[in-house]
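Some notes on the structure that comes next.
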Amino acid sequence: MRQTKLTNEDKVNMFKSDLDESERLYKEGKFSEAYKMLNHASKNFIKGMPSMK
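In this text, residue positions in the sequence shown follow UniProt numbering: the first is 1, and each later residue adds one.
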């Protein structure tokens with residue numbers, strides 16, 4: 001059986017890699033791309049978290 005559901009660890013690792021990518025873009029002076037990447041990363045991370053009800 002193929003595992004399609006991401007574990008929390010997978011989600012955290014994806015978030016970290018998005019953050020690293022955004023930092024790299026920032027250091028290259030690509031500020032708007034870095035901002036978009038950061039925004040995208042945080043939206044995906046929040047969407048993937050269990051609800052806080």
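Where a beta carbon is used, it is the ideal one built from N, C-alpha and C, also for glycine.
Could you name each continuous alpha helix (DSSP H) segment of 4 residues or more that falls completely within the stretch 1-51, going from the start of the chain to the end? 8-27 and 31-48
Cβ neighbour criterion (16 or more within 10 Å) applied to S22: buried
Review point. Taking just the CA atoms, how far does L25 sit from F31?
Key: Between the C-alpha atoms of F31 and L25 there is a straight-line separation of about 7 Å.
Just to confirm before moving on: does the CB-CB distance between D18 and A34 stay below 8 Å? no
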